[in-house]
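A short worksheet on the structure shown next.
Protein chains: 2
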Amino acid sequence: MNDVLARVGDKWSVRVVMALAGGSRRFNELRRDIAGISQRMLTRTLRGLERDGLVSRAVTASVPPRVDYALTPLGNSLRDPVARLGNWAIANIGKIETARALFDAGSDHTKL
Amino acid sequence: MNDVLARVGDKWSVRVVMALAGGSRRFNELRRDIAGISQRMLTRTLRGLERDGLVSRAVTASVPPRVDYALTPLGNSLRDPVARLGNWAIANIGKIETARALFDAGSDHTKL
């Protein structure tokens, strides 16, 4: 289970799954939609998601070749739990940042 | 949001949050409950969760000192989304392992 959690909880995987929730996307569309991801990291994340059966890759033999990525049925079933985790993160990021600032400024963790 | 997802989706953080869902635990109890975690990784994971305000740490001045870890209210609010992700992983690990075996044995990813 740990390696499955490592994949589905991975921050970039979460972002890619959320970006594909609305339908298939091309590589450069994903790169534009996911702020801060590098070409290398997007390639690696898509490869991992494809290997896990969560994302499919369709190649159209044009010049240049066109590659579309989409969630598989398994990937679609991951949308809801991932969205809940993502929404929790969005709702609570302020509290977490406050906690971090207090911890770093202090704190209790130096007492023992 | 990415660093929040990195924390809450981290495989060991998920395991610790799930282990603390039933109530407070001492360090060695957590280590026993979470198969495969090293002392170093548990220390590091608890420190990260404490810094994020998700886990509290209560020290009792006995000899030796006793340290109990528990979910904070913020940590408790994370239980549900984390459990959903964990349950999804448990339910789908078989499909993911099959997909990985097919991918590694093949496959489509060598075609372009």
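These protein sequence lines are chains R and D, in that order.
The numbering of the first sequence is my numbering, which starts it at 1 and goes up by one.
The numbering of the second sequence is my numbering, which starts it at 1001 and goes up by one.
Every residue, glycine too, gets a C-beta built ideally from N, C-alpha and C.
Since we're looking at a predicted model, the values are computed, not measured.
Separation of residue j from residue i, as counted between CA atoms
{"i": "residue 112 of chain R", "j": "residue 1071 of chain D", "result": "Bear in mind that the predicted position of residue 112 of chain R carries a pLDDT of just 41, short of 50, making it unreliable; the figure below should be weighed with that in mind. Approximately 19 Å between the Cα atoms of the pair."}
{"i": "residue 1040 of chain D", "j": "residue 1027 of chain D", "result": "11 Å"}
{"i": "residue 1069 of chain D", "j": "residue 1025 of chain D", "result": "5 Å"}
{"i": "residue 1110 of chain D", "j": "residue 1104 of chain D", "result": "Note that residue 1110 of chain D has pLDDT 49, beneath the 50 cutoff, so the model's placement of it is unreliable and no number is given."}
{"i": "residue 38 of chain R", "j": "residue 12 of chain R", "result": "10 Å"}
{"i": "residue 88 of chain R", "j": "residue 63 of chain R", "result": "42 Å"}
{"i": "residue 1095 of chain D", "j": "residue 1061 of chain D", "result": "49 Å"}
{"i": "residue 1014 of chain D", "j": "residue 1021 of chain D", "result": "11 Å"}
{"i": "residue 90 of chain R", "j": "residue 1092 of chain D", "result": "26 Å"}
{"i": "residue 73 of chain R", "j": "residue 106 of chain R", "result": "47 Å"}
{"i": "residue 1036 of chain D", "j": "residue 36 of chain R", "result": "33 Å"}
Any non-hydrogen atom of the ligand NAP closer than 6 Å to residue i Cβ
{"i": "residue 57 of chain R", "result": "Absence of the ligand NAP is noted for the structure shown, with no ligands found whatsoever."}
Chain-ordered chain D contacts of residue i [CB-CB under 7 Å]
{"i": "residue 52 of chain R", "result": "1096, 1099, 1100"}
{"i": "residue 84 of chain R", "result": "1081, 1084"}
{"i": "residue 78 of chain R", "result": "1088"}
7 Å Cβ cutoff met for residue i and residue j
{"i": "residue 81 of chain R", "j": "residue 1084 of chain D", "result": "yes"}
{"i": "residue 1059 of chain D", "j": "residue 1075 of chain D", "result": "no"}
{"i": "residue 123 of chain R", "j": "residue 10 of chain R", "result": "Any property of residue 123 of chain R remains undetermined from this structure, which presents chain R solely from 1 to 112."}
{"i": "residue 50 of chain R", "j": "residue 57 of chain R", "result": "yes"}
{"i": "residue 78 of chain R", "j": "residue 16 of chain R", "result": "no"}
{"i": "residue 101 of chain R", "j": "residue 1052 of chain D", "result": "no"}
{"i": "residue 1031 of chain D", "j": "residue 1042 of chain D", "result": "yes"}
Continuous beta strand (DSSP E) stretch holding residue i: start and end
{"i": "residue 56 of chain R", "result": "55-60"}
Start and end residues, alpha helix (DSSP H) containing residue i
{"i": "residue 101 of chain R", "result": "73-105"}
{"i": "residue 1010 of chain D", "result": "Element bounds for residue 1010 of chain D: n/a, residue is neither H nor E."}
{"i": "residue 1052 of chain D", "result": "Premise fails: residue 1052 of chain D is in no alpha helix (DSSP H) and is neither H nor E."}
{"i": "residue 30 of chain R", "result": "27-33"}
Per-residue contacts from residue i into chain D (C-beta, under 8 Å)
{"i": "residue 27 of chain R", "result": "Result: empty, since nearest Cβ-Cβ is about 12 Å, beyond 8 Å."}
Chain D contact residues for residue i, given Cβ-Cβ distances below 9 Å
{"i": "residue 74 of chain R", "result": "1092, 1095, 1096, 1099"}
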